[in-house]
Structures are given as structure tokens and as C-alpha cells.
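Engineer:
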């Protein structure tokens, strides 16, 4: 039985539920760009051609085991709010959300596989995993891609690899990325240095919602920039080692902050907790920053580890589309939204234990 | 008269000029004040810069009146310059001369070393062979070389079976 869009929206994204024990990496994401041979790319194709591609891809996708019970959605049948929610869950991109006729997505029940059709490329296959799980995410997307290739002729050149609308995705069409929580590097003012070092290695740092988004909540997406000239497992391995080194830097920065300014982090965490527990109006940016500090508190032992998935779920539910949808109202001014967001936070944090004292030798 | 540099994002005169070295390649961006502000160039963590610089490497040198056009989709180098995207997979052959120098700064290497769609390629080999044989068959019949024609017909049946499409085409 396949689900409806309403069921999907009501179900929290699986990523927020998976109890992964990962202090710094919230989420792993892998995507492949694929196009059908002998067809114009979506941006240069007319409506009829795009609709034909959509149908061809849809048929191939629902034949795969992982998407058989998936939900197929066209951009046209979704309301702007429904699209926004899928963007906030990282299931579709902003570009697809504003897409034209023939653009759509298929999402599996667990909401950890989504395939966008007629975004920049004919297919953008995406696998999401909670925590730091590159190898498993790659294995899973590779299987799905091989299955699709049985029925779809992908545009491919032996020299240049998979042919994509934009040459920046050429070759493997692979983008591996991790959502990282780096509050101590931000507080210690070391983020600029990290960004520069990562760029030097051919990797990109972006905000939580990708290109052009800001870094509220000290959340950063780090991904490979180059796709040609390196085999997929090597790209995965290289990014993995860069991330491991960033994790180490973040943990060191935390330790150092606790050593040199023992009251700074506990003060920030305690204040954040106080506002979440007692605030009456919260913008999404502020909520993100506060939740980010409480998450840091979990890592430092102020709160039980079981509260980490709760915070990760709230990081998504604090987004404007989610607050609006939960209100059940047609229209919602941003001021009213900020009130509802604060109400939800008060009730979620009402039963949280008082932050435990941070032992600087712990960590 | 030399025209002043224009902003890479809009066409205002550029007043902010950035240079960054990534992978030992120099990337340059010129921006007007508004776009620089909007893109967070003044933001100390400046992480959105990488995207800008990456896009700058997508700015190809296009000979102004080349008249070049993709024979399959009609795309022109000017359209590519404007959007940073190609029109169809065949554009990669049509615009090789524009593409090659761009790729040097963009990627780790110039040749694909990753996954290959084995099934699709096998299918393509069979399809190409089938096309060839059908042409040969037609020629043989026209030239009344019936012995050859019979041979081609047998081979077509074989290739069709291999390709998983055994039935005769309904003309």
C-alpha cells in the first residue's frame, strides 16, 4: 500500500528518529545526477518532452524494490506549503520546488530515498542517512542506480562519464555531503580557517539548506566539489577523511573552550535552555541557534543522550513550513508563527531535566 | 575604450574583486556592491564564496560570431555562457573546444575513472549492430543478393534475441 502526501507530511522524517550516536555529524547525504541519452536536458526541453521523461522515469523508479511503495508527486499537484515542507526535510531542492510542468519527485516511506525528476538533470537520485554513514549510503544509492540502468539508457561517454546539464557535475555525477554541527569552531572564530582549508582540498562548505543558505545553528553542509577524474569510492573516502579531521577540530575546540573559559559554554547552554523552556516568541533563526546550543549541551553531558534525536527532530520542526503546517491554518503571519514555535518549544522542553553541571575533564 | 568590469551576477559595474586559489587554479569573481553584500562576501566565514568562485569557472571564452550550434538540440555557446548549462548530452561533443579548457580548472582530472553503466552500454552495442545489419539487409535485397540477405536476416534474429527483443518488428 502506498502512502498519501498527507501521511508523509504527518510522519516525522526518519532521520530525526534514528538513534545514532553522533555528536558532530547529523546527517549523511549522497546524490547521483543522471540523464537519459538522446534527450534534451530539462532546462532546454519543452513541456511535452519533460512530461514524457517524467513518465519514463516514474515507470523505471517504481519497479525498484526500494521505491515500489514510494509516493510519486508532481510539483504541480503540491501546494507551496507542501513543497516547502519537503524542502525543509531535504527531500526536494528549492530549484525543484519552483520547477515547471513535468517536474516531480518520488519519495520512499522511510523518507530516506528521494528521486527528483526534471530538476536540473532528468534524475537526481538521493539517499539520506542519519549520522555519519557514507559507505552505507553510497552502497545503497549505487544499488538503486544499477537497478535503474536496467531499464533506462543513461547519457554516458567513456571519456567524460555521466553527462550532466552542468559540467560541474560531469563524470560520476556524485555529490556526497554531511550536515555538520560545529558550534565550538564558530564560537572560537575558527570557521573561516576551516572553510578555507576545506576549499583548498576541493570541498565546499554551505549552510544547512545548501547553496545560498546561512549558517544559523552552526550547521554546515560539507561536500565534494569535483566529480570528474576520481572514482566514486575515492571521492567518498577523501571526503570521509576530511570530515574526520573537522570532527577532531570541533571536539578539540570544545575542550579548549571549557579549559580556557570554563563558564562560557555552560552559560550559553543554560541561557539557550531557559529561553526554549520559557520563551513566548521565537524566530526560526533564533530557535535554530538555541537548539544548536542545547545539542552541544547533550554532547557535553548536560542532558541525557536520549534527548539528541528529540533536538534533531525539533531542528526540522522549527522551520517555517513545519510550524505553519502544524497550525492547521491556511494563512499564518510570521509573528504568529514565532508565537506557535515558542509554544511548541515550551511544551517540548517542559519535562527536560535541569542541565547537569559540566565537568571540564569530561568530553 | 575598455569597458569597466561588470558584476558576474547582474550587469552593474563591479567594484568588489575576489581571487581565490582552489586546487592550484586561480578563480576570479567580480561583483557589484549589492551582490557582494547579498552573497555574504563581507561575512567573515564567507562560505558561500566557494559557490560563486565555482560558477566563475563556468564562464567560458566564447568566440562572438562562431555560429556554432548543437545539431541535436540547437543549443548555442551564447546560451551556455548565459546559463552555465548545456542543452542536451550531445552538446558535450559539439562544444568540446569550449568545454576542455573549462574542465581543467573545474575538476580533479579530465577523464572519467568511475562507474560505467555496463548494461546500458551492452544494449547500445547491440542496437548499433542491429541498425548496421538492417541497413545491410536492405542493401542486399535491393541489389538482389538474396544469399547475403538471408545471412543478415539470421544474424538480426540472433542479435534481437541477445538484446531481449526477439519478435520481428511490425512495419
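Residue numbers (the working numbering), protein chains in the order written: chain A, 123 to 485; chain B, 2 to 172.
C-beta atoms are modelled at their ideal positions from N, C-alpha and C, and glycine is treated no differently.
Quick caveat, the model's predicted, so the values are computed rather than measured.
Using a Cβ cut-off of 8 Å, which residues of the segment 146-168 of chain A contact any Cβ in chain B, in chain order?
Structural biologist: Here the close residues are 157, 159, 160, 161, 162, 163, 165 and 166.
Engineer: Does DSSP put residue 309 of chain A in a helix, in a strand, or in coil?
Structural biologist: Three-state DSSP puts residue 309 of chain A in a helix.
Engineer: Between which residues of its own chain and residue 495 of chain A is the CB-CB distance below 8 Å, once the five residues before and five after are set aside?
Structural biologist: Because chain A in this structure spans residues 123 to 485, residue 495 of chain A falls outside the shown range and cannot be described.
Engineer: So residue 285 of chain A packs on residue 292 of chain A, CB below 8 Å; how close in whole Å?
Structural biologist: With a Cβ gap of about 7 Å, residue 285 of chain A and residue 292 of chain A count as contacting.
Engineer: Check residue 46 of chain B in the structure and name its three-state DSSP category.
Structural biologist: Unreliable positioning characterises residue 46 of chain B in this predicted model, as indicated by a pLDDT of 47, which lies under 50. The coordinate reading is nonetheless provided below. In the structure shown, residue 46 of chain B sits in coil (DSSP, three-state: anything other than H, G, I, E or B).
Engineer: Using a beta-carbon distance cut-off of less than 9 Å, what residues from the segment 359-378 of chain A approach chain B?
Structural biologist: Cβ contacts with chain B come from no residue of the segment 359-378 of chain A.
Engineer: Expressed to the nearest angstrom, what Euclidean distance is found between the alpha-carbon atoms of residue 389 of chain A and residue 258 of chain A?
Structural biologist: When rounded, the distance between both Cα atoms is 38 Å.
Engineer: Tell me, to the nearest whole angstrom, how far the beta carbon of residue 402 of chain A is from that of residue 464 of chain A; I am working on the premise that it is less than 8 Å.
Structural biologist: About 5 Å; that satisfies the 8 Å criterion.
Engineer: Does the pairing of the segment 138-158 of chain B with the segment 314-329 of chain A give three or more beta-carbon distances under 8 Å?
Structural biologist: With a cut-off of 8 Å, the segment 314-329 of chain A and the segment 138-158 of chain B do not count as touching, because too few Cβ pairs lie within range.
Engineer: Report yes or no: do the segment 173-190 of chain A and the segment 218-230 of chain A share at least 3 C-beta pairs separated by less than 8 Å?
Structural biologist: Yes: at least three Cβ pairs fall under 8 Å.
Engineer: Compare the C-beta of residue 305 of chain A against all C-beta atoms of chain B and say whether one is closer than 9 Å.
Structural biologist: Not closer than 9 Å to any Cβ of chain B, the Cβ of residue 305 of chain A fails to qualify, so no.
Engineer: Roughly how far, in whole angstroms, is the beta-carbon of residue 260 of chain A from the beta-carbon of residue 152 of chain A, given that I think they are within contact range, below 8 Å?
Structural biologist: Their Cβ separation, rounded to whole angstroms, is 6 Å, which keeps residue 260 of chain A and residue 152 of chain A in contact under 8 Å.
Engineer: Which chain B residues are close to residue 256 of chain A, counting only those with a beta carbon under 7 Å from its beta carbon?
Structural biologist: In chain order: nothing, as chain B lies at least about 16 Å away.
Engineer: For the segment 388-432 of chain A, which segments carrying the alpha helix (DSSP H) assignment without a break, of at least 4 residues, lie completely within its bounds, in sequence order?
Structural biologist: If we require 4 residues or more, the alpha helix (DSSP H) runs fully inside the segment 388-432 of chain A come out as 406-421.
Engineer: Determine, for residue 125 of chain B, whether the minimum Cβ-Cβ distance to residues of chain A falls below 9 Å.
Structural biologist: Judged by the 9 Å Cβ criterion, residue 125 of chain B is in contact with chain A.
Engineer: Cβ of residue 276 of chain A less than 9 Å from any chain B Cβ?
Structural biologist: So, interface residue.
Engineer: For the segment 102-125 of chain B, list every residue whose C-beta sits within 9 Å of some C-beta in chain A, in sequence order.
Structural biologist: Going along the segment 102-125 of chain B in chain order, one finds 103, 104, 107, 108, 109, 110, 111, 112, 113, 114, 115, 116, 117, 118, 119, 120, 121, 122, 124 and 125 with a Cβ nearer than 9 Å to chain A.
Engineer: Using a Cβ-Cβ distance cut-off of 9 Å, determine whether residue 415 of chain A contacts chain B.
Structural biologist: False, the Cβ-Cβ gap to chain B never drops below 9 Å.
Engineer: Note down the Cα distance separating residue 192 of chain A from residue 255 of chain A, rounded to an integer number of angstroms.
Structural biologist: Answer to the nearest angstrom: the Cα atoms are 23 Å apart.
Engineer: When burial is assigned at 16 or more other CB atoms within 10 Å of the CB, is residue 473 of chain A buried or exposed?
Structural biologist: Exposed, by the Cβ-count rule.
Engineer: Between the segment 83-100 of chain B and chain D, which residues of the former have CB atoms less than 9 Å from a CB of the latter, in chain order?
Structural biologist: Protein chains A and B are contained in the structure displayed, whereas chain D is not.
Engineer: Would you check if the distance between the CB atom of residue 79 of chain B and the CB atom of residue 95 of chain B is smaller than 9 Å?
Structural biologist: No, these two residues do not count as a Cβ contact at 9 Å.
Engineer: When you compare the CB of residue 289 of chain A with every CB in chain B, is at least one pair closer than 9 Å?
Structural biologist: It does: the Cβ of residue 289 of chain A has a partner Cβ on chain B nearer than 9 Å.
Engineer: Could you tell me the distance, in whole angstroms, from the CA atom of residue 31 of chain B to the CA atom of residue 427 of chain A?
Structural biologist: Each residue's Cα considered, the two are about 47 Å apart.
Engineer: Just how far apart, CA to CA, sit residue 142 of chain B and residue 133 of chain B?
Structural biologist: Approximately 14 Å between the Cα atoms of the pair.
Engineer: Run down chain B in chain order and give the residues with a C-beta less than 9 Å from the C-beta of residue 439 of chain A.
Structural biologist: Near residue 439 of chain A there are no residues of chain B at all, since even the closest Cβ is about 25 Å away, more than 9 Å.
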